[in-house]
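J.: Got a structure here, written out as structure tokens. Questions coming.
2 protein chains.
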Amino acid sequence: MSKVDRRIAKSQEAIKNAVTELMSEKNIDDITIQDIADRANVNRGTIYLHYTDKYDLLDKMIEEHINNLRVLCRSASEMTFQEGNYVWFEYFERHYVFFSTMLASKGAPSFRSRFLDLVIEEFKAEVDVTKGKNVGFHEDVILQFFGSAIVGAVEWWFKNGMPLPARVMAEQTGALLDRNLE
Amino acid sequence: MSKVDRRIAKSQEAIKNAVTELMSEKNIDDITIQDIADRANVNRGTIYLHYTDKYDLLDKMIEEHINNLRVLCRSASEMTFQEGNYVWFEYFERHYVFFSTMLASKGAPSFRSRFLDLVIEEFKAEVDVTKGKNVGFHEDVILQFFGSAIVGAVEWWFKNGMPLPARVMAEQTGALLDRNLE
DNA sequence: ATTGATTTGTTGAATAGTCAACAAATTGCG
DNA sequence: CGCAATTTGTTGACTATTCAACAAATCAAT
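Chains as they are written, first to last, in my numbering: chain A, 3 to 184; chain B, 3 to 184.
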């Protein structure tokens with residue numbers, strides 16, 4: 003919580019927003035540092051002050067989103083799957099541009115698996131899958147199975163331009179998880 | 003023209019936007035410098051770096067808008083009144099929050115007269131009102147008459163929440179001016 | 001009027017951002 | 001391929017912004 007200098011916060015915010023915008027327009031490899039600087043209204047040198055290169059910047063952005071989701075998870079640990087999922091889907095909605103380009107085929111190929119890892123990690127922490135209706139199953143099978151399921155649903159949601167409200171997505175995926183994991 | 007340090011431009015832009023936002027929410031006298039700094043996401047000291055106080059800041063904003071309108075006028079000097087007015091009304095529309103709070107009774111009482119002065123000044127520069135259908139009239143009477151007319155129309159437009167598109171306002175006021183001044 | 005709280009305007013030191021210039025690396029095209 | 005143009009990453013000097021601290025001014029209510 004140590005107070006970050008306001009200038010740093012503003013510059014990084016502008017830079018990250020610029021990247022997400024640009025990524026919805028063209029492939030990451032076709033984006034130059036100068037493009038980012040222009041869009042962010044920041045001197046090119048400022049970017050090097052915080053990131054070693056384009057990919058480091060993207061990595062840090064991914065890292066940050068993953069971490070925000072992790073925090074959301076912790077704060078929602080006492081909720082049902084339906085409520086908890088809604089918190090996630092709200093976050094997705096708020097960062098639509100980022101997630102939809104990230105999950106689109108050529109955003110950052112690594113993102114999908116980072117995302118899946120997080121989902122599974124959180125399932126593992128929140129649910130004891132070896133009790134109840136899932137006795138006898140191998141834990142990793144269960145986790146991989148339902149982790150992939152939820153990630154796939156999210157992917158579908160973005161690729162089809164969020165055809166359902168976040169609330170509905172949360173309720174339906176939540177219900178499916180409840181039915182299988184609680 | 004590109005010699006203003008980027009940081010100065012960004013800070014001033016943020017500060018001015020913050021003020022227009024805040025002015026649409028409460029009276030200028032109820033706005034503290036800290037309010038502005040918070041909204042602009044800028045240190046309080048930064049404001050004093052550019053403006054001596056709240057009212058100086060507001061003055062400079064007014065000055066700038068008046069001047070922008072003046073420049074627009076020059077660049078539109080070869081147009082008909084209808085075309086030229088459209089340029090103005092587009093500018094009004096783009097800065098809706100500012101103009102509507104400025105022309106609202108409690109905005110800045112001085113603004114209306116500054117605005118009227120500009121309109122008259124530009125009429126004087128663009129139109130020879132003593133020729134044609136206006137021979138025999140006193141120039142200042144004509145200028146004051148039609149200056150007030152256009153300012154009043156703009157005022158009405160803002161106070162009623164821009165009930166007509168800028169294009170229509172420009173066409174109608176433009177036609178009325180053409181009929182009387184050309 | 002006397003309090004206590006908020007806002008103001010100013011200071012000085014620390015630092016983030018700017019800008020221009022540079023060489024090295026990469027791209028792209030005939 | 002080879003060459004020109006662009007992009008990259010780095011540097012150093014300069015300056016705008018930040019932040020915390022301060023006393024003075026203003027406000028609000030008893």
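Glycine is no exception: its CB is placed at the ideal position from the N, C-alpha and C atoms.
Glu124/A to Leu178/A, Cα distance in whole Å?
T.: Counting from one through the first sequence, the residue named residue 124/A turns up at place 122. Counting from one through the first sequence, the residue named residue 178/A turns up at place 176. Taking the straight line joining both Cα atoms gives about 17 angstroms.
J.: Thinking Met63/B and Lys18/B are a contact (beta carbons under 8 angstroms), I'd like their distance in whole angstroms, please.
T.: As a working mapping, residue 63/B is identified with position 61 in the second sequence. As a working mapping, residue 18/B is identified with position 16 in the second sequence. Contact holds; Cβ gap of about 5 angstroms.
J.: Just the chain A side, please: which residues come within less than 7 angstroms of Asn45/B by C-beta, in chain order?
T.: If you number the second sequence from 1, residue 45/B lands on position 43. Per Cβ cutoff of 7 angstroms: Arg8.
J.: If you measure between the beta carbons of Ile186/A and Val131/A, is that distance less than 8 angstroms?
T.: Coverage of chain A is limited to positions 3 through 184, which leaves residue 186/A absent and any answer about it impossible.
J.: Does any CB atom of chain A fall closer than 8 angstroms to the CB of Lys56/B?
T.: Translated into the one-based positions of the second sequence, residue 56/B becomes position 54. Judged by the 8 angstroms Cβ criterion, Lys56/B is not in contact with chain A.
J.: Since Ala172/A and Gln84/A are thought to touch, with beta carbons under 8 angstroms apart, how far apart are those beta carbons, to the nearest angstrom?
T.: Working through the first sequence from its first residue, we reach residue 172/A at position 170. Working through the first sequence from its first residue, we reach residue 84/A at position 82. Their Cβ separation, rounded to whole angstroms, is 6 angstroms, which keeps Ala172/A and Gln84/A in contact under 8 angstroms.
J.: Can you confirm whether the region 30-44 of chain B touches the region 109-118 of chain A when touching is taken to mean that 3 or more C-beta pairs between the two stretches lie within less than 8 angstroms?
T.: Taking 8 angstroms as the limit for Cβ pairs, the verdict is that the region 30-44 of chain B does not touch the region 109-118 of chain A.
J.: Along the chain, where does the alpha helix (DSSP H) that runs through Thr175/A open and close?
T.: Within the first sequence, the letter at position 173 stands for residue 175/A. It spans 168-183 - the alpha helix (DSSP H) in which Thr175/A sits, taken as one unbroken run.
J.: Quick check for students: name the residue ranges of the alpha helix (DSSP H) that lie wholly in the region 22-102 of chain B, counting only runs of 4 or more.
T.: You should have 35-42, 46-52, 56-77, 83-96.
J.: Under 8 angstroms between beta-carbons, which chain B residues line up against Lys12/A? List them in chain order, please.
T.: The residue labelled residue 12/A in the question sits at position 10 within the first sequence. Neighbours of Lys12/A on chain B, chain order: Asn43.
J.: Anyone know if the C-beta pair for Lys5/A and Ile35/A falls short of 8 angstroms?
T.: Taking the first residue of the first sequence as position 1, residue 5/A is located at position 3. Taking the first residue of the first sequence as position 1, residue 35/A is located at position 33. No.
J.: Using CA atoms only, rank isn't needed, just tell me which of Glu65/B, His67/B, Ser13/B is closest to Arg41/B.
T.: Your numbering for residue 41/B matches position 39 in the second sequence. The option with the nearest alpha carbon to Arg41/B is Ser13/B.
J.: Would DSSP call Phe139/A helix, strand or coil?
T.: One-based indexing of the first sequence puts residue 139/A at position 137. Three-state DSSP puts Phe139/A in coil, outside helix and strand.
J.: Could you work out which residue in Ala20/B, Glu66/B, Leu59/B is closest to Val44/B when comparing CA atoms only?
T.: Taking the second sequence and counting its residues from 1, one reaches residue 44/B at position 42. It is Ala20/B whose Cα lies nearest to the Cα of Val44/B.
J.: Under a three-way DSSP split, which group does Met164/A fall into?
T.: The count along the first sequence starts at 1 and reaches residue 164/A at position 162. Met164/A falls in the coil class under three-state DSSP.
J.: Looking only at its chain, what residues have a beta carbon closer than 8 angstroms to the beta carbon of Ile122/B, apart from the 5 residues adjacent to it on each side?
T.: Taking the second sequence and counting its residues from 1, the one referred to as residue 122/B is at position 120. If we look at Ile122/B and ignore the five residues flanking it on each side, its Cβ neighbours are Leu145, Gln146, Gly149.
J.: When the Cα of Arg76/A is compared with those of Val89/A, Lys161/A, Arg181/A, which residue comes out closest?
T.: As a position in the first sequence, residue 76/A is number 74, starting the count at 1. The candidate whose alpha carbon is nearest that of Arg76/A is Val89/A.
J.: What does the Cβ neighbour count give for Asn70/B, buried or exposed, with the cut at 16 atoms within 10 Å?
T.: Here the question's residue 70/B lines up with position 68 in the second sequence. Classification of Asn70/B: exposed, given that the 10 Å Cβ count is below 16.
J.: Of the choices Leu183/A, Ala106/A, Arg72/A, Asp142/A, whose alpha-carbon is the least far from that of Trp158/A?
T.: As a position in the first sequence, residue 158/A is number 156, starting the count at 1. Trp158/A has its Cα closest to that of Ala106/A, out of Leu183/A, Ala106/A, Arg72/A, Asp142/A.
J.: Along the alpha helix (DSSP H) that carries Asp119/A, what are the first and last residues, could you check?
T.: The residue given as residue 119/A occupies position 117 in the first sequence. Segment 113-128, the alpha helix (DSSP H) holding Asp119/A.
J.: Which same chain residues end up closer than 6 angstroms to Val99/B when comparing Cβ atoms and leaving out the 5 residues on each side of it in sequence?
T.: For this step, residue 99/B is matched to residue 97 along the second sequence. Excluding sequence neighbours, Val99/B sits near Thr22, Ser26.
J.: Give the DSSP-derived three-state secondary structure of Thr151/B in the structure shown.
T.: In the second sequence, residue 151/B corresponds to position 149, counting from 1. Thr is not the amino acid found at residue 151/B; the sequence shown has Ala there. DSSP places Ala151/B in helix when its eight states are reduced to three.
J.: Using a Cβ-Cβ cutoff of less than 6 angstroms, which residues in the same chain neighbour Ala78/A once the five nearest sequence positions on both sides are dropped?
T.: If you number the first sequence from 1, residue 78/A lands on position 76. For Ala78/A, where only same-chain residues beyond five positions count, the Cβ hits under 6 angstroms are Gly86, Val89.
J.: Using CA atoms only, rank isn't needed, just tell me which of His52/B, Phe91/B, Lys135/B is closest to Met164/B.
T.: For the purposes of this step, residue 164/B is taken as the residue at position 162 of the second sequence. Selected option, being the one with the closest Cα: Phe91/B.
J.: In angstroms, rounded to a whole number, what distance separates the CA positions of Asn136/A and Phe113/A?
T.: Within the first sequence, the letter at position 134 stands for residue 136/A. Within the first sequence, the letter at position 111 stands for residue 113/A. Using only the alpha carbons, I get a separation of about 30 angstroms.
J.: For Val129/A, collect the residues of the same chain with a Cβ closer than 6 angstroms to its Cβ; drop the 5 residues on either side in sequence, then sort them by chain order.
T.: Start at 1 with the first residue of the first sequence, and residue 129/A comes out as number 127. So the list reads Leu183, once near-sequence residues are dropped.
J.: Tell me whether Ala39/A is buried or exposed, calling it buried when 16 or more other Cβ atoms sit within 10 Å of its Cβ.
T.: In the first sequence, residue 39/A corresponds to position 37, counting from 1. So Ala39/A ends up on the buried side.
J.: Near Leu74/B, what residues of its chain come up, given a Cβ to Cβ distance below 7 angstroms and the 5 sequence neighbours on each side ignored?
T.: By one-based count along the second sequence, residue 74/B stands at place 72. Within the same chain, Leu74/B has close Cβ partners Val89, Trp90, Tyr93.
J.: Going by other Cβ atoms of all chains shown within 10 Å of its Cβ, with 16 needed for buried, is Ile49/A buried or exposed?
T.: As a working note, residue 49/A is residue 47 in the first sequence. Buried is the call here.
J.: Put Ala20/B into one of helix, strand or coil per three-state DSSP.
T.: As a working mapping, residue 20/B is identified with position 18 in the second sequence. Correct three-state label for Ala20/B: helix.
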